[in-house]
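Protein chains in written order, with the working numbering: chain A, 91 to 706; chain B, 91 to 706. Glycine included, every Cβ here is placed at the ideal spot set by N, Cα and C. Predicted model, so just to flag it, every value in this text is computed and none were measured. Read through the structure below, which is laid out as structure tokens, and then see the notes.
Number of protein chains: 2
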Amino acid sequence: MIMQAAFFELTKVIPVDDAIKYLKEGIQKTYKKKGQLVVDMNCKAVDKGIDAIEEVNVPHKWLDAPDSREKDLTKPEYVDQVMIPVNSQEGDDLPVSSFLNLADGTFPLGTSRYEKRGVAVHLPHWDSTKCIQCNQCSFICPHSAVRPYLLTEDETADAPEGFETIKAQGKALENYRYRMQVSALDCMGCGNCADICPAKESALTMSAYDDEVSQADNWDYAQTLSRKDIDLDKKSVKGSQFRMPYFEFSGACAGCGETPYMKVLTQLFGDRMMIANATGCSSIWGASAPSIPFCKDDQGRGPAWANSLFEDNAEFGYGMAVATKQLREKIEGNMRAIMELDIDDNLKDVFREWLEYKDNGEESRRTSNAVVEALENIQTNDEVVLKIAERILRYKDFLVKKSIWSVGGDGWAYDIGYGGLDHVLASGEDINVLVFDTEVYSNTGGQSSKATPAAAVAKFAASGKKIKKKDLGKMAMAYGYVYVAQVGIGADKSQFLKAITEAEAFNGPSLIIAYAPCINHGIKKGMGKTQENIKDAVSCGYWSLYRYNPDLSKKGRNPFILDSKEPTASFQDFIMGQTRYLALAKEFPTTSDQLFKQTEMDARKRYEEYKKMAEE
Amino acid sequence: MIMQAAFFELTKVIPVDDAIKYLKEGIQKTYKKKGQLVVDMNCKAVDKGIDAIEEVNVPHKWLDAPDSREKDLTKPEYVDQVMIPVNSQEGDDLPVSSFLNLADGTFPLGTSRYEKRGVAVHLPHWDSTKCIQCNQCSFICPHSAVRPYLLTEDETADAPEGFETIKAQGKALENYRYRMQVSALDCMGCGNCADICPAKESALTMSAYDDEVSQADNWDYAQTLSRKDIDLDKKSVKGSQFRMPYFEFSGACAGCGETPYMKVLTQLFGDRMMIANATGCSSIWGASAPSIPFCKDDQGRGPAWANSLFEDNAEFGYGMAVATKQLREKIEGNMRAIMELDIDDNLKDVFREWLEYKDNGEESRRTSNAVVEALENIQTNDEVVLKIAERILRYKDFLVKKSIWSVGGDGWAYDIGYGGLDHVLASGEDINVLVFDTEVYSNTGGQSSKATPAAAVAKFAASGKKIKKKDLGKMAMAYGYVYVAQVGIGADKSQFLKAITEAEAFNGPSLIIAYAPCINHGIKKGMGKTQENIKDAVSCGYWSLYRYNPDLSKKGRNPFILDSKEPTASFQDFIMGQTRYLALAKEFPTTSDQLFKQTEMDARKRYEEYKKMAEE
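Here it is in structure tokens:
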């Protein structure tokens, strides 16, 4: 709006007053559904666009300025040869030879870190004197741009000026110094970190970009710090954040409700993950060519990621699961064969341990490393033994138990891909499914899905959806052998950690449905409050947290655990804080009340059902 | 086997002893899964094929026999011009002009009655002295080949010799004579009718074809009898059978477990039905070109039937539902408009009544007829009135409330078409779904589906299915606004009638899952006992009967009614009566016991869950 207004003022292609009139009429028409406030803001933008034109004089010498882009040897070849040219809109000029190493369609990981967008208007400022070292800010950061670091004495001494640290708190950390570090150039400035800080006085406050941008150097230093092998539960909120996120700096909207789930997931399982990603927002923030936010650690390990279609993504992940299972059974066969031969007893012990922990994700990294080391150093002249050893080593990447995830939005899981998802869950195979439930086709254009609750306004439901939200979890629970959970990171981080840990460890299909606030919701408080929004959703009974673990049935216990408390906050206040509901009241004042009541009843009934299930 | 053996004996292409040896080895290999009995029977067939060769001398005059096929004016033109030539394998010789009236892809209905296959080895013989007039034989006949008739005095007098009748029993029938008539040339000879007869001494016994084939003339006479407008509940087992089946003489297997459901459905709703049929057995017996078993009454009314794909049949029916709804809303709009104009008060009453019963299938035929009659005889010069009247009459076929059904097997509903089925059920639209659950891909080749229970042997589950049967009904019930029922016609006919009546009347989506024994099951007692098999399935707890009616919730009552009693019969005896389970014990004796126990546990648990739901 601002630039259009300025354009008409400068070019005078039509009389400026007419242009202003047309623009404002257009604003009225386009935004009236979003409320008078939005209309007024846009009209004001038009006025400002005309009033605030300022001429910027470009230095004359720019005329002959040379192109200073030079080969940067500190960056991977791909970044220099492909990514930077493509991002500079020079991709069409690249020779075919630039893609020689990408001929199979794979892209190098961890390249989003070279984009350094620097788009935040405000950046979080860390006040070390107020920090209680809970790591919650890091946990919920949608962009992995706020991270805690632990420093040895030497590292503390070497730190640049202004790289403030405090004594790390906690038994396992007593030899370290602690610092919360923001990546000034990667942060999107949403403010969720500052909002979630539970310290008496917030340890993070949003400050002007210019005041904080110098943190970029501190970030660079933080990247040089060594990995600390600390004895802290990685499945705790605090402990998980000292682990590397294998997902960082995606191009998701500032404050995205989806990405924190993915980030934490990679912190727990990233070094052995395979991800099948459905079409949707997650396939965009998961890999906006030419850069990729999934990354590798110093061992070269990280998630394998691939994107499939709306209609077959569960099956796509299923294929990964079945193929991996097959390869690992082949390994097992060879392992059992070699154990029958004349080999060292120590070696047998190594193999025996691998077999024992074969399907234990937590332990299999250690036992797999032991197998590789043993086989690579095997002392024998027995050709049969050597041949089998070679066969096992050929698939050494599959020694470790893979953590296989099909992920996507509700448009995939509730709707277009549901037939396949149901089939895969029914199969009983060991696969994990994570659904980012934004209750609408977010990336595809805001269409209503079966996850959209009654009364919400969306495309194909312009007068408010009439039908209640599908209970995907309940349908999956009908199988009895599928692990199912509903989670909400902003409402209960520990419950989310429990759910993903249990789901991943469960030897069968798992389904996790994660509530994810979205720009499509039109959250009045803004996208800096997405985590608070999740909390509100749970406390008013809009969203319920639960875990259904078939392993509990086997022990004779109720498999269903309701993790959220009896709702106490106002349901209507919650939905009225979002344009998707508010618009209905504005457009259809006569029918909206009934629909608002209905959607509250739907949620209430759902909660009562869960409660009953939990009490059985 | 018989013919192969005879071939080798006659041609002597290889030494006959070798041929016999190879044949028997082949039999051993092919049939050993089906048990020693089947192997022995086939080996015996080989021996008989050699021993029992008999030369048949063909009359010499056949050499110059003329083709006696002549135009038969009593048959519809289509039968004469297309069907008979195609069935005589002369379809390729037909000129394009034969298909002039079929250019839009529609086929005339009711043509299977002209095929007169005469394939039964045994036919039911009706003993009028033993008959208790319950009509159960007619109810469960898979081929609509056994039907009760009511005769006036005159009709009785005109009847041919041997057309025995008895005094009709029951209040509404006191002026009529009663007869149970078999169509000798359409009957497939399965024997289910004789088996189900509840009379002290069975009123139907299976007799040799030659002794009964003369009944064909009696059948022809029965077809000339007038429709009787009797005051008997058409939703009762007995009453329903005096109504015309709009589905007859399909090419389904003798004793098919699916077709009786469809037949009874048409007896209740056939004159206003639209059927979307998924790929599968039902799409084959539903329309084996060139003949069609769906038929029309003397008013020219009958089901509209069309076949779509595995993957979109629910949506196909949904399209019919939405289109019909739209047309009827248009009619309603015109009706309301014409009522505002200066028309006769009587006319207004007619319209008012139509509007009142618009969505009431039972009443809308009467009110629709009244509207048509009133509009066709309207006395006015008001051009606007005439114009609107013409608009209503243009869509007069849609005045009646349509009964829309998506039907198909478990391969469709549980598997390939499930994503769409779920979407359609979720939509809340007024559509009915009937699933023929044979627990396997019957027509497609016997592959395992998600409806296949644990331990059953099927393609892709050669060592017995490891995963329990999907509870499709429970998943649909999760919506809360979908009518759901499980039925089993041989176990409880009245419950089936209740279910389809409630489903059809329910103003929303309905799902009925019907247990359907199939040749794929390898029922030891044979396909003449399919109805008994359903009864056994229910009494041992293999299959449960229930109805879930959301309308009851609205009245504050429990929507779930469990219609089947606590199982008492032996579950293991039931499954051991079927090759699909028995084969597992033969092939995998070490693991089969565990799987048999598991599948019984699965069924038991399912029943317990239903019981709990019924008690809430």
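| Query | Result |
| --- | --- |
| Taking Cβ-Cβ distances shorter than 8 Å, what residues in chain B pair up with residue 557/A? | 516, 517, 518, 571 |
| Going along the chain, which residues of the stretch 481-506 of chain B sit with their C-beta nearer than 8 Å to a C-beta in chain A? | 505, 506 |
| Say whether the stretch 572-592 of chain A touches the stretch 319-334 of chain A, bearing in mind that this needs 3 or more beta-carbon pairs closer than 8 Å, one atom from each stretch. | yes |
| Could you spell out where the beta strand (DSSP E) holding residue 766/B opens and where it closes? | No statement about residue 766/B is possible, as the shown extent of chain B runs from 91 to 706 and does not include it. |
| Please work out which residues of its chain come closer than 7 Å, Cβ to Cβ, to residue 505/B, disregarding the five sequence neighbours upstream and downstream, and give them in chain order. | 539, 540 |
| Within the continuous beta strand (DSSP E) that includes residue 650/A, where are the two ends? | 650-652 |
| Along the stretch 568-593 of chain B, where does the CB come closer than 9 Å to a CB of chain A? Name the residues. | 568, 569, 570, 571 |
| Using a Cβ-Cβ cut-off of 9 Å, state whether residue 565/B counts as contacting chain A. | yes |
| Just the Cα atoms here: how many angstroms apart are residue 368/A and residue 276/B? | 53 Å |
| Given that residue 561/B touches chain A, what residues does it touch there, using C-beta distances under 9 Å? | 568, 569, 570 |
| Closer than 8 Å by C-beta to residue 133/A: which residues in its own chain qualify, once you throw out the five before and the five after it? Chain order, please. | 114, 117 |
| Using only the alpha-carbon positions, how far apart do residue 128/B and residue 122/B sit? | 8 Å |
| Assuming contact is defined by CB atoms lying nearer than 9 Å, are residue 356/B and residue 384/B in contact in what I supplied? | yes |
| Quick check on the DSSP output: what are the complete alpha helix (DSSP H) runs of length 4 or more inside the stretch 352-424 of chain A, in order along the chain? | 371-375 |
| In angstroms, rounded to a whole number, what distance separates the CA positions of residue 211/B and residue 281/B? | 10 Å |
| Quick one: any contact between the stretch 611-626 of chain A and the stretch 675-690 of chain A, if contact means 3 or more CB pairs under 8 Å? | no |
| Considering only the alpha carbon of each residue, which of 571/A, 645/A, 378/A lies closest to residue 598/A? | 571/A |
| Chain B partners of residue 449/A, CB-CB under 8 Å? | Simply none; closest approach about 17 Å. |
| Give me the chain A residues within the contact set of residue 671/B, using Cβ-Cβ distance strictly less than 8 Å, ordered along the chain. | The contacting residues do not exist; residue 671/B stays about 20 Å from chain A at best. |
| Please state the DSSP three-state secondary structure of residue 112/A. | helix |
| Can you tell me which of the three DSSP states residue 633/A falls into? | coil |
| Are the CB atoms of residue 660/A and residue 581/A within a distance shorter than 9 Å? | no |
| List the residues of chain A whose Cβ lies closer than 7 Å to the Cβ of residue 508/B, in chain order. | 509, 512 |
| Examine chain B for any beta-carbon lying closer than 9 Å to the beta-carbon of residue 353/A, and answer yes or no. | no |
| Indicate whether at least one CB of chain A lies closer than 9 Å to the CB of residue 701/B. | no |
| So what does residue 602/A bridge to, in DSSP terms? | 524/A, 575/A |
| Comparing the C-beta of residue 540/A with each C-beta of chain D, is any distance below 9 Å? | Absent here is chain D; the protein component of the structure consists of chains A and B. |
| Just how far apart, CA to CA, sit residue 619/B and residue 346/B? | 10 Å |
| If you draw a straight line from the alpha carbon of residue 573/B to that of residue 643/B, how long is it in whole angstroms? | 11 Å |
| Please say whether residue 213/B and residue 296/B have beta carbons closer to each other than 9 Å? | yes |
| Taking 8 Å as the threshold, find out whether the stretch 370-388 of chain B comes into contact with the stretch 191-206 of chain B through three or more Cβ pairs. | yes |
| Measuring CB to CB, does residue 418/B end up less than 9 Å from residue 359/B? | no |
| Give the straight-line distance between the Cα atoms of residue 119/B and residue 126/B, rounded to the nearest whole angstrom. | 11 Å |
| Which of the three DSSP states is assigned to residue 202/A in this structure? | helix |
| Got a sec? Which residues, its chain only, sit under 6 Å from residue 485/A by beta carbon, not counting five neighbours each side? | 417, 421 |
| Looking at residue 671/B: is its Cβ nearer than 9 Å to the Cβ of residue 651/B? | no |
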